[in-house]
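Position one of the sequence shown corresponds to residue 46 (my numbering), numbered consecutively onward.
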Amino acid sequence: MFQHNINDSDPYKRPVFSVGNKIIRVLWKASWLLLCSWTPAPFHAWRVLILRMFGAKLGKANFIYPDCKIWAPWLLETEDVVTIGPNVEIYNPGGVYLGHHSILSQHAFLCGATHDYNHLDFTYIKKKIYISSYAWICSKAIVLPGVRCGEGSVLGAGSITSKNLDPWMVYTGNPAQCIRQRNNFLLENELDPSL
46 MFQHNINDSD
56 PYKRPVFSVG
66 NKIIRVLWKA
76 SWLLLCSWTP
86 APFHAWRVLI
96 LRMFGAKLGK
106 ANFIYPDCKI
116 WAPWLLETED
126 VVTIGPNVEI
136 YNPGGVYLGH
146 HSILSQHAFL
156 CGATHDYNHL
166 DFTYIKKKIY
176 ISSYAWICSK
186 AIVLPGVRCG
196 EGSVLGAGSI
206 TSKNLDPWMV
216 YTGNPAQCIR
226 QRNNFLLENE
236 LDPSL
């Protein structure tokens, strides 16, 4: 049986993650499968509790659906009133931060790592993703490593971005392009931005 070997001369045969990291992720996946994946959608508080037990730093009133996939909860931080919708995948080896009232719609994918394809070692690169307050990552949209989605920004359905999104702007396509400005309802209604 072939396995990765940290001492192999071929960098493609070396493991990216330590044995300890792999063990904790297996425990996490098993726990989510047994304790959360089958639960009814409204049981958000229960799933938040389990995520916190695995080190997630979560705000109040988060809506986290049972069929989402979170690679490493200990590298996830959210503010209040965040939605991680059905079938969302968060691959977060570099960490993910979700601002208050941000939404990840169904099948959205946050991809926090890549490889340096120009280097012989195919070096693994992980970068933190920031989704700011009131930002909306629409259905099947993809956010790539190191991207910052500004306050109130929208990444349209099926769009892909490797670049930062400006606040209160709407982006669509692959690669995502800015198509219009979004109304800044915080200013229009003189809302407290911390709500």
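No residue lacks a Cβ here, since even glycine has one placed at the ideal position from N, Cα and C. Keep in mind it's a predicted model, so treat the numbers as computed, not measured.
The continuous alpha helix (DSSP H) containing residue 230 extends over residues 230-233. In the three-state DSSP reduction, residue 97 falls in the helix class (H, G or I).
Closest in alpha carbon position to residue 127, among 148, 96, 80, 62, is 148. In this structure, residue 170 places its C-beta atom within 8 Å of the C-beta atom of residue 160. Collapsing the DSSP output to three states places residue 185 in coil. Put simply, the backbone Cα of residue 75 is about 42 Å away from that of residue 229. In the three-state reduction of the DSSP assignment, residue 170 falls in the strand class, which pools E and B. DSSP places residue 179 in the coil class of the three-state scheme, outside both helix and strand. If you compare the alpha carbons of 50, 213, 55 with that of residue 231, the shortest gap goes to 213. Around the C-beta of residue 78, fewer than 16 other C-beta atoms lie within 10 Å, and the residue is accordingly described as exposed.
Per DSSP, residue 68 has no beta bridge partner at all.
Between residue 66 and residue 59, the C-beta spacing is not below 8 Å. In this structure, the straight-line span from the alpha carbon of residue 197 to that of residue 136 is close to 22 Å. For residue 156, the enclosing beta strand (DSSP E) stretches over residues 154-156. By the neighbour-count criterion, in which a residue is buried when 16 or more other Cβ atoms sit within 10 angstroms of its Cβ, residue 146 is buried. In this structure, 205 is the residue among 98, 163, 205, 210 with its C-alpha nearest to the C-alpha of residue 219. Judged by DSSP secondary structure, residue 222 falls within the beta strand (DSSP E) whose first and last residues are 222-226.
Within its own chain, the residues whose Cβ lies closer than 6 Å to the Cβ of residue 215, once the five positions on either side in sequence are excluded, are 199, 224, 225, 227, listed in chain order.
Separation of residue 48 and residue 100 (C-alpha to C-alpha, rounded to the nearest whole angstrom) is 29 Å. Taking C-alpha positions only, residue 185 is separated from residue 53 by approximately 38 Å.
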